[in-house]
Structures are given as structure tokens and as C-alpha cells.
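Per this note's numbering, the sequence shown starts with residue 2, numbered consecutively.
Report on one structure; see the data block that follows.
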Amino acid sequence: MKTMINVEHLTKQYKEVLAVDDLSFQVDEGEIVGLLGPNGSGKSTTINCMLSLLNFDRGTIKLFNKEMKPDAYDLKAKIGVIFQEVAVFEELTVYENIDYFCGLYIKDKSIRKQAVEEAIQLVGLEDYKKFYPKKLSGGLLRRLNIACGIAHRPTLIFLDEPTVAVDPQSRNHILDGIKQLRKNGATIVYTTHYMEEVEQLCDRVIILDKGKIIAMGTTDELKANTQIAEKVILEIHELDLEAIQKIKDLKNVADVRYNAPNLVVTYKTGKNNLVEMIDYLKTSPLHYTTIYSQRPTLNDVFLELTGKELRD
Ligand SMILES: Nc1ncnc2c1ncn2[C@@H]1O[C@H](COP(=O)(O)OP(=O)(O)OP(=O)(O)O)[C@@H](O)[C@H]1O
Ligand SMILES: [Mg+2]
């Protein structure tokens, strides 16, 4: 397996803020790696350092096994970047924008035409080729931004929060497009603060908080390291303190939270917790409408490591 990215001891300080604090990680060829972290955790700074767009204070960055530098044009031609802020030309149409960015790397007109058409298809902009950016919705604009970043067929792609504030339809197009890019052989670094996307998309996750890596691994590995075995979630419309206390006293129960109508019962051990809860409820006067068991989520991992929720 080839190593596509090798970051060692990356450290970046903006005046008072230590934005990235001694990060080390690798990304292998063909992986989609998620950089997951709340606002201000250092995701964009990490990406911008990896791309040599920002100076950093300490550390080394190798892409394609070569040191990345501001003038490493041979490497840059193989890299695609989709920035957090949309950056397209207002005076060019969708097609012309993609053609412009693609043309920075692919000079042959017929190859470029094919590459641009492929990029348009990948993000589902076939019906908008002649539109100007100001006529596009936020989601379509994000899709254009992505097409501009990947049309030259890069093999290493960085996407910085490409789905923030997009409608569900555009989000699905974007996620499907990214899966397709991986199928085509690309290696992808994907930043987000949506854990559901990471679970759906990424082979491996790096969780950042305050510029530090607090956990790294596959989602299954991260979840297996939590102390939570499972959560049983019930919908109960009326529940008093006494009833909550009785549930707290049940076997294996580690924690009980009631935010009407949802009752979340957390277990750290035990195998048949759901069955036992159902048995208990048969003997109690409580009426519930739904009950199900849930494995730990990445939010639980984050909560356990930092004491706070991943989402604001
Ligand atoms: N140009 C800058 N000057 C000073 N501080 C900065 C600058 N850019 C970022 N920071 C600070 O560095 C920290 C990391 O910011 P960064 O933008 O990398 O986080 P992020 O994880 O990408 O956040 P978001 O989810 O909001 O995009 C934050 O505390 C931020 O305020
Ligand atoms: Mg950011």
C-alpha cells in the first residue's frame, strides 16, 4: 500500500491561537479519511498547511512521498482542492468555470472537453451548464465548486466541508460523487463536523479537538474503544423522577437521561439489555410508544473523550 500523505508533528500557531498542535498521521492510497472536529478545531488550517498555502511553525509534510512546498507544481497538478468558501468566476458559466480550472492542468482541448463533461456528470450539473453562478442555489454552487476542483482528474483530493448548508438533494449528489471519485482510484481527505457523513463515507477518521488529534481509526475501532456498550432509547410521554430512579437502579444501567419524550438509557456492559428492559416495562405502569437499541455513535466517542457534544 502506497502512503499518499505523511504528516509529522505539524504545528501551526496564529498569534495567540495554537491552531494545530503536533499532528502526525498518514493516509494510504485509495482511502477516504475524514477529519472530523467542531468549529475551530483546526481542520482548515491542517488542510491549508498540507497544501503549502500556509506557513507552519514545525513539522514535515510529504505528499506522494515527496516534500510538499509552495513551488511543488508537479505535485499540485495531481492534487484537487475544494475550499470551504466557494470560489468561482461570476462572469463565467458553469461549463466555462469548470473548463477554466481544468485548463490550468489539461491543455489538450478534446481531452479537456471529456474531463469537463465527466466532472459535470459526477456532481449532476448536466442541466445547468449554461447557467451563471448567481443563478444557482447554494447547493448547486457547492457542486460547481467541487466540479472545478476535480475536473483535471487529480489522484489526491482535499474537500473542506463541502456539504455545509446544502439541501439534502445536493448533499446526496456530493456524497455519491465522492464515492465515485474513490472508485476511480482517488485518495480523499474530507473535513466535516457531520459525524453521519463520516460514518457513511470514510474508511478512517481522525477526530480533532482544539488542534489536537484526540482519536484516530475506523469508525468501528473508535466505537469499540468507548465504554458504552449500547443505548436503549424509548419514547415515553410521561415519566416522573421516581420512575426514572427505578430505571437507574436496573441491572447494568450506567446512565439515564430524559428529554421528553425521549428516554436514553446508557449501558456500559451486558448483553440482553433491550430484552431485559422490555421485560421490566411489562411489570411497570409505564407506557412507551417505541423502543430500540443503538450502538455508540461517533458523537458518544467525542463526548467521552472531551466531555462535550460534537455538534453545537
Ligand atoms: N487567519 C487566522 N488568524 C488567526 N486565527 C485563525 C486564523 N484562521 C484560523 N484561526 C483560528 O485557528 C483555529 C483553527 O481554525 P480552523 O479554521 O483551522 O478550524 P476549522 O476546524 O476549520 O473550523 P470550521 O469548522 O469553523 O471551519 C481557530 O481557533 C481559529 O479561530
Ligand atoms: Mg474550516
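In this text, a Cβ means the ideal position worked out from N, Cα and C, and glycines have one as well.
Nothing here was measured: the structure is a model prediction, and the numbers come from that model.
Quiz prompt | CB of T298 within 8 Å of CB of M196, strictly | solution = T298 places its beta carbon less than 8 Å from that of M196.
Quiz item: Does any heavy atom of ligand 1 sit closer than 7 Å to the C-beta of E162?
Solution: Checking the Cβ of E162 against ligand 1 gives yes.
Quiz prompt | V124 beta carbon less than 8 Å from that of I175 | solution = V124 sits close to I175, with the two beta carbons spaced by under 8 Å.
Quiz item: Can you tell me whether DSSP reads L275 as helix, strand or coil?
Solution: Looking at L275 - three-state DSSP - the assignment turns out to be helix.
Quiz item: Mind pulling the beta strand (DSSP E) runs of 3 or more residues that sit fully within the segment 249-311?
Solution: 254-260, 263-268 and 289-295
Exercise. Take H194 as the anchor and find which of P39, Y74 and V8 has the nearest alpha-carbon.
Key: P39
Quiz prompt | Cβ-heavy atom distance, K67 to ligand 2, below 7 Å | solution = no
Quiz item: In terms of residues, what are the limits of the beta strand (DSSP E) holding A148?
Solution: That residue, A148, is in no beta strand (DSSP E); its alpha helix (DSSP H) goes G139 to I151.
Self-check item: Under the three-state DSSP convention, the category K211 falls into
Solution: coil
Self-check item: 7 Å CB neighbourhood of Y15 in its chain, flanking five on each side removed
Solution: Excluding sequence neighbours, Y15 sits near nothing in its chain.
Quiz item: Regarding V199 and ligand 1, is the C-beta to nearest heavy atom distance less than 7 Å?
Solution: no
Quiz item: Going by the beta-carbon positions, is the gap between E200 and T220 smaller than 8 Å?
Solution: yes
Quiz item: Roughly how many whole angstroms lie between the Cα atoms of E127 and K63?
Solution: Their backbone Cα atoms lie some 37 Å apart in a straight line.
Practice problem: Would you identify the three-state DSSP class for K114, choosing helix, strand or coil? | Solution: helix
Exercise. Check whether the Cβ atoms of L37 and V190 lie closer than 8 Å to each other.
Key: no
Self-check item: Endpoints, the beta strand (DSSP E) within which N7 is located
Solution: T4 to Y15
Quiz item: Tell me the DSSP bridge mates of L36?
Solution: T192 and I207
Quiz prompt | Residue closest to T284, alpha-carbon to alpha-carbon, out of Y293, Y268, I248 and A255 | solution = Closest by alpha carbon: I248.
Exercise. With E97 as the anchor, note down where its alpha helix (DSSP H) starts and where it stops.
Key: V95 to G104
Practice problem: Give every residue of the same chain whose Cβ lies closer than 7 Å to the Cβ of M2, excluding the five residues on either side of it in the sequence, and list them in chain order. | Solution: D29 and E30.
Exercise. Could you pull out every residue in the same chain whose Cβ sits closer than 8 Å to the Cβ of E17, ignoring the five residues on either side in sequence?
Key: none
Quiz item: Residues near ligand 1, CB to any non-hydrogen atom under 5 Å, in chain order?
Solution: Y15, V18, A20, N40, G41, S42, G43, K44, S45 and T46
Practice problem: Determine contact between the segment 142-156 and the segment 110-122, defined as no fewer than three beta-carbon pairs at a distance below 8 Å. | Solution: yes
Quiz item: M5: buried (16+ other C-beta within 10 angstroms of its C-beta) or exposed?
Solution: buried
Quiz item: Measuring from the CB of Q115, is there a heavy atom of ligand 2 at a distance below 7 Å?
Solution: no
Quiz item: Do the segment 142-149 and the segment 84-103 make contact, defined as three or more Cβ pairs closer than 8 Å?
Solution: Contact between the segment 142-149 and the segment 84-103 is present: 3 or more CB-CB pairs across the two stretches fall below 8 Å.
Quiz item: Helix, strand or coil for L242 per DSSP?
Solution: helix
Quiz item: Is the closest heavy atom of ligand 2 to the C-beta of Q295 under 7 Å?
Solution: no
Quiz item: Within 10 angstroms of its Cβ, does V165 collect 16 or more other Cβ (buried), or is it exposed?
Solution: V165 is exposed by the Cβ-count criterion.
Self-check item: Beta-carbon separation (whole angstroms), I234 vs N263, contact threshold 8 Å
Solution: In this structure, I234 and N263 form a Cβ contact; the two beta carbons are roughly 6 Å apart against a cut-off of 8 Å.
Quiz item: Between the Cα of M69 and the Cα atoms of L105, E198, T94 and L11, which residue gives the shortest distance?
Solution: For M69, the closest of L105, E198, T94 and L11 by C-alpha to C-alpha distance is L11.
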